[in-house]
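Have a look at the structure below, then the notes.
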Amino acid sequence: MKVLLVNGSPNNEGNTRIALEEVAAALQSDGITTEIINIGKKPVPGCIACHKCQETGVCIFNQGIYAEIREKLEEGVDAFVFGSPTYYAGPNGSLCSLMDRLFYSLSRYFENKPAAAVGICRRAGSVSVVERINKYFEMTNMPVITSQYWNLAYGLMPGDVRKDEEGMQTMRTIGHNMAWILKSTEGHPAPEREEHAWTHFIR
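The sequence shown begins at 152 in the working numbering and counts up one residue at a time.
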């Protein structure tokens, strides 16, 4: 079993990455393979609502970090962790642009797979980060992995997050909880779904 962890910070070695490494270490100690991928500093296109992915199965902006993650999804991923620093009480905009396109065009690779959101901040706003990221999971039939507290850790300068003992423990608990869910559901197919009933409020 493999978990893909996405570092939604432009800083490849910052506090978000460190927090994800703590989650990954817990997963590995429970026998789960992990891989962390950095979103990086390059611009990430947003969804332009062209709906071409509904015809082709992939976004028209099929390059960069999107293509890198798509290839990993095609190889096989069993669960996900998306982490982000806090930008004005929300996730990094590039991560939101990426997740909009990933989940709209490639939802077939995410459905029924466990996922966790991680928020990092200096002081406040990270609860909203986790809530926003969780929305992608909640709309894709994905079991949401929780911890002993909200999935948060605190730090300003790179490395500060290691001083947040409760935050680091929270990260480890995410990893152990995810491993437990993966092992508990292994070999058990997801429930059959009804065809999606699309209801519009204006007719």
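Glycine is no exception: its CB is placed at the ideal position from the N, C-alpha and C atoms. These figures come from a predicted structure and were not determined experimentally.
In the DSSP assignment, Gly234 falls within the unbroken beta strand (DSSP E) covering 230-236. Three or more Cβ pairs closer than 8 Å define a contact, and the region 333-347 falls short of that threshold against the region 195-207.
The beta-carbon separation of Leu156 and Val228, rounded to 10 Å, does not stay under the 8 Å limit for a contact. Where Thr185 is concerned, the enclosing beta strand (DSSP E) starts and stops at 184-189.
Residue pairing by DSSP places Tyr287 opposite no residue, since no beta bridge is assigned to it.
In terms of Cα proximity to Thr324, the closest of Gly338, Gln179, Lys153 is Gln179. With a cut-off of 8 Å on Cβ pairs, the region 300-311 is not in contact with the region 243-256, counting fewer than three such pairs. Excluding residues up to 5 positions away in sequence, Met152, Ile183, Asp229, Ala230, Pro265 lie with their Cβ nearer than 7 Å to the Cβ of Leu333 in the same chain. Rounded to whole angstroms, the separation of the alpha carbons of Asn328 and Lys192 is 31 Å. Gly159 sits away from Gly215, with the two beta carbons spaced by 7 Å or more. Taking 8 Å as the upper bound for CB-CB distance, Ile169 and Val312 are in contact here, some 5 Å apart. By the C-beta density criterion, Gly310 is exposed, having fewer than 16 other C-beta atoms within 10 angstroms.
The three-state secondary structure of Ala170, taken from DSSP, is helix.
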